[in-house]
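Undergrad: Quick one: structure below, then a few questions.
There are 2 protein chains.
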Amino acid sequence: MRTLTRKGAATRQRILEGAAAHIREHGVADMTLDDVLARTATSKSQLFHYFPDGREELLLAVARFEADRVLEDQRPQLGDLTSWSAWQSWRDKVVDRYRRQGRLCPLNAVTSQLGIRTPGAQAVVTELMHRWQAEIATGVRHMQDAGEIDPALDPDRAAAALLAGIQGGVLIQMSTGETDHLEAALDMGIAHLRAGRPAPS
Amino acid sequence: MRTLTRKGAATRQRILEGAAAHIREHGVADMTLDDVLARTATSKSQLFHYFPDGREELLLAVARFEADRVLEDQRPQLGDLTSWSAWQSWRDKVVDRYRRQGRLCPLNAVTSQLGIRTPGAQAVVTELMHRWQAEIATGVRHMQDAGEIDPALDPDRAAAALLAGIQGGVLIQMSTGETDHLEAALDMGIAHLRAGRPAPS
DNA sequence: GCTAGCATGGATCGGCAAGTCCAGTCTGGA
DNA sequence: TCCAGACTGGACTTGCCGATCCATGCTAGC
Numbered sequence: 013m014r015t016l017t018r019k020g021a022a023t024r025q026r027i028l029e030g031a032a033a034h035i036r037e038h039g040v041a042d043m044t045l046d047d048v049l050a051r052t053a054t055s056k057s058q059l060f061h062y063f064p065d066g067r068e069e070l071l072l073a074v075a076r077f078e079a080d081r082v083l084e085d086q087r088p089q090l091g092d093l094t095s096w097s098a099w100q101s102w103r104d105k106v107v108d109r110y111r112r113q114g115r116l117c118p119l120n121a122v123t124s125q126l127g128i129r130t131p132g133a134q135a136v137v138t139e140l141m142h143r144w145q146a147e148i149a150t151g152v153r154h155m156q157d158a159g160e161i162d163p164a165l166d167p168d169r170a171a172a173a174l175l176a177g178i179q180g181g182v183l184i185q186m187s188t189g190e191t192d193h194l195e196a197a198l199d200m201g202i203a204h205l206r207a208g209r210p211a212p213s
Numbered sequence: 013m014r015t016l017t018r019k020g021a022a023t024r025q026r027i028l029e030g031a032a033a034h035i036r037e038h039g040v041a042d043m044t045l046d047d048v049l050a051r052t053a054t055s056k057s058q059l060f061h062y063f064p065d066g067r068e069e070l071l072l073a074v075a076r077f078e079a080d081r082v083l084e085d086q087r088p089q090l091g092d093l094t095s096w097s098a099w100q101s102w103r104d105k106v107v108d109r110y111r112r113q114g115r116l117c118p119l120n121a122v123t124s125q126l127g128i129r130t131p132g133a134q135a136v137v138t139e140l141m142h143r144w145q146a147e148i149a150t151g152v153r154h155m156q157d158a159g160e161i162d163p164a165l166d167p168d169r170a171a172a173a174l175l176a177g178i179q180g181g182v183l184i185q186m187s188t189g190e191t192d193h194l195e196a197a198l199d200m201g202i203a204h205l206r207a208g209r210p211a212p213s
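If you read the protein sequences in the order shown, they are chains A and B.
Quick note: the first sequence uses the working numbering, first residue 13, plus one each step.
Quick note: the second sequence uses the working numbering, first residue 13, plus one each step.
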């Protein structure tokens, strides 16, 4: 696997995306390697050719794939939280993204399947959370610089709380199918940011 | 299984708690029925005698078992959120509970394993969330009656947001091992409740 | 103390799915 | 054009684990 021909890279990608799609539709516990092969018109030797460690390596690759999507799906709003209307528009995008996704969170599914024994999976999630939180915190700092948020507020801690609310909202949605909690958490988080702002000069 | 003798009930309970303990230690994917049997000194026929639908029924029972623990572990504080110091003490108890529990959340593990195809698992979680949210909302109403929280605030929505923060904080803890997000979410949620309170007469 | 039916032990089955292997094909650089 | 090595197909092995079954112990009410 040192060198991949174009054809090889395409096959690898097809397997990866096929696995991701299957997981999004049926969950990870139901995913068998043969399912992926059938869906992607590939054979077992190919799968093990591109993912020598088999199922585990494939799942980890899916986790990375899905983790990348999460932040991308919030662009460009996430990187540009420089006005209250931008925050609102980001909030709407997040809600919409997860509403579309439905009850199944592929990333949570994969990581909870890989579990403790695979530190790699946790690293993927941890890094995602750090990047996500950092981007939110940047937005908070922007608003502080603009005098819209109390400068005494700790941006990282505020971002952490907001991120936790999002994660929990999505988690609850996985059971209830409703985005009420996600929306409430986002609205409360943003309201809290606005509440403590200095009086307009 | 219509009637259980005392001995039978004890065996059933032993299997249930053994399974729960194994899941808490090793995760659900690693749990095999033989593991449970070995740990509880029982035999396969007993397991299927008390859980005729086998693994799935056992996991569902574990989910219920763990769900009950969650709220019980927050007593008596959760049922008595009638002063700010009570809220703070509840907050500390929640953080402490999840810090003890460590990276593995048995309930999340079990439900994400049972997944979509078992509506029962989702029902267990959904009901837990409803009860939890209702108890928090009751606390909010108490504080509103006491004039400590803005009466214009929607108690259910505030409770939903706070609950989402908790869930997300715990979820993030499962990857990072840290309770920072959980604490930030709780603190922000409670701060938000206090922030909008009417000026003391 | 008898007996109906609950409780237990453990051997065995059956199937599934991960992973291996080898034989054969295609690709691209020299 | 040639060939090393990348790519592909699919049968096969292997081991695990959920589930079944039946023979045998035990309990509890009468």
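Glycine included, C-beta positions come from ideal geometry on N, C-alpha and C.
As the structure is a computational prediction, the values presented were derived from the model and not from experiment.
Assign threonine 227 of chain A to buried or exposed, taking buried as 16 or more other Cβ atoms, counted over all protein chains shown, within 10 Å of its Cβ.
TA: The structure shown does not extend to residue 227 of chain A, since chain A spans only 13 to 213, so no value can be given for it.
Undergrad: Out of B:Glu139, B:Thr52, B:Glu195 and B:Gly180, which one is the CA nearest neighbour of alanine 33 of chain B?
TA: When each option's Cα is compared against that of alanine 33 of chain B, the closest is B:Thr52.
Undergrad: Is the CB-CB distance between alanine 170 of chain B and leucine 205 of chain B below 8 Å?
TA: Yes, the pair counts as a contact, with Cβ atoms nearer than the cut-off.
Undergrad: Run through the region 16-88 of chain B for me and flag every whole alpha helix (DSSP H) of 4 or more residues, listed as ranges in chain order.
TA: Whole alpha helix (DSSP H) segments, 4+ residues: 18-38, 45-52, 56-62 and 67-84.
Undergrad: Using a Cβ-Cβ cut-off of 8 Å, state whether serine 213 of chain A counts as contacting chain B.
TA: Any reading at serine 213 of chain A must be qualified, since the residue scores a pLDDT of 42, below 50, and its modelled position is unreliable; the value itself is stated next. Cβ-Cβ to chain B under 8 Å: no for serine 213 of chain A.
Undergrad: Check whether the Cβ atoms of leucine 72 of chain B and alanine 31 of chain B sit closer than 8 Å, and answer yes or no.
TA: Not closer than 8 Å, so no.
Undergrad: For methionine 141 of chain B, decide whether its Cβ has a neighbour in chain A, counting only Cβ atoms nearer than 8 Å.
TA: Yes, methionine 141 of chain B counts as interfacial toward chain A.
Undergrad: Taking only beta-carbon atoms, is aspartate 192 of chain B less than 8 Å away from chain A?
TA: Yes, aspartate 192 of chain B counts as interfacial toward chain A.
Undergrad: With C-beta atoms as the reference, is alanine 133 of chain A less than 8 Å away from leucine 140 of chain A?
TA: Going by C-beta atoms, alanine 133 of chain A is not nearer than 8 Å to leucine 140 of chain A.
Undergrad: Taking the C-alpha atoms as reference points, what is the distance between valine 82 of chain A and threonine 15 of chain B?
TA: Computed Cα separation, rounded: 51 Å.
Undergrad: Taking the alpha helix (DSSP H) that arginine 206 of chain A belongs to, which residues open and close that run?
TA: That run of the alpha helix (DSSP H) goes 192-207.
Undergrad: Starting from the beta carbon of arginine 115 of chain A, find every residue of chain B whose beta carbon is closer than 9 Å, and list them in chain order.
TA: Ile128 and Gln134, listed in chain order.
Undergrad: Hey, does histidine 204 of chain A have any beta-carbon neighbour from chain B nearer than 8 Å?
TA: Yes, because at least one Cβ of chain B sits closer than 8 Å to the Cβ of histidine 204 of chain A.
Undergrad: Is it right to say arginine 76 of chain B is buried, meaning 16 or more other beta carbons lie within 10 angstroms of its own, or is it exposed?
TA: It is buried - the Cβ of arginine 76 of chain B has at least 16 other Cβ atoms within 10 Å.
Undergrad: Could you say which of B:Asp168, B:Gly177 and B:Trp144 lies nearest to arginine 87 of chain B if we only look at CA atoms?
TA: With distances taken between Cα atoms, arginine 87 of chain B lies closest to B:Trp144.
Undergrad: From the DSSP output, in three-state form, read off glutamate 160 of chain B for me.
TA: DSSP places glutamate 160 of chain B in coil when its eight states are reduced to three.
Undergrad: Given this structure, state the Cα-to-Cα distance separating valine 182 of chain A from leucine 175 of chain A, to the nearest angstrom.
TA: Going by the C-alpha atoms only, they are around 11 Å apart.
Undergrad: Can you have a look at histidine 193 of chain A and say buried or exposed, based on whether 16 or more other CB atoms are within 10 angstroms of its CB?
TA: Burial call: buried.
Undergrad: Count the other C-beta atoms from every protein chain shown that fall within 10 angstroms of the C-beta of methionine 13 of chain B, then say buried if there are 16 or more, exposed otherwise.
TA: At methionine 13 of chain B, the pLDDT of 41 sits below 50, so the modelled position is not reliable; the number obtained from the coordinates is stated separately. Classification of methionine 13 of chain B: exposed, given that the 10 Å Cβ count is below 16.
Undergrad: For a contact meaning CB atoms closer than 9 Å, what does threonine 150 of chain A contact in chain B?
TA: Ordered by position in chain B, no residue passes the 9 Å Cβ test against threonine 150 of chain A, which lies about 17 Å from the chain.
Undergrad: Could you please give the first and the last residue of the uninterrupted alpha helix (DSSP H) stretch that includes leucine 183 of chain A?
TA: Taken as a continuous stretch (DSSP letters only), the alpha helix (DSSP H) holding leucine 183 of chain A covers 167-188.
Undergrad: Let me see if you follow: with CB-CB separation under 8 Å, is alanine 32 of chain B close to chain A or not?
TA: Alanine 32 of chain B does not count as touching chain A.
Undergrad: Of all Cβ atoms in chain B, is any one closer than 8 Å to the Cβ of leucine 28 of chain A?
TA: No, no contact with chain B.
Undergrad: DSSP on leucine 126 of chain A, reduced to helix/strand/coil?
TA: Three-state DSSP puts leucine 126 of chain A in a helix.
Undergrad: How is the alpha helix (DSSP H) around aspartate 108 of chain B delimited, first residue to last?
TA: Aspartate 108 of chain B -> alpha helix (DSSP H) spans 96-113.
Undergrad: Would alanine 173 of chain A and alanine 196 of chain B be called neighbours here (beta carbons separated by less than 8 Å)?
TA: For alanine 173 of chain A and alanine 196 of chain B, yes; Cβs fall inside 8 Å.
Undergrad: If you draw a straight line from the C-alpha of isoleucine 184 of chain B to the C-alpha of threonine 138 of chain A, how long is it?
TA: When rounded, the distance between both Cα atoms is 8 Å.
Undergrad: Is the shortest distance between the beta-carbon of methionine 43 of chain A and the beta-carbons of chain B less than 8 Å?
TA: No, no contact with chain B.
Undergrad: Please classify methionine 13 of chain B: does DSSP put it in a helix, a strand, or coil?
TA: In this prediction, methionine 13 of chain B scores a pLDDT of 41, lower than 50, which makes its location untrustworthy; no coordinate-derived value is stated.
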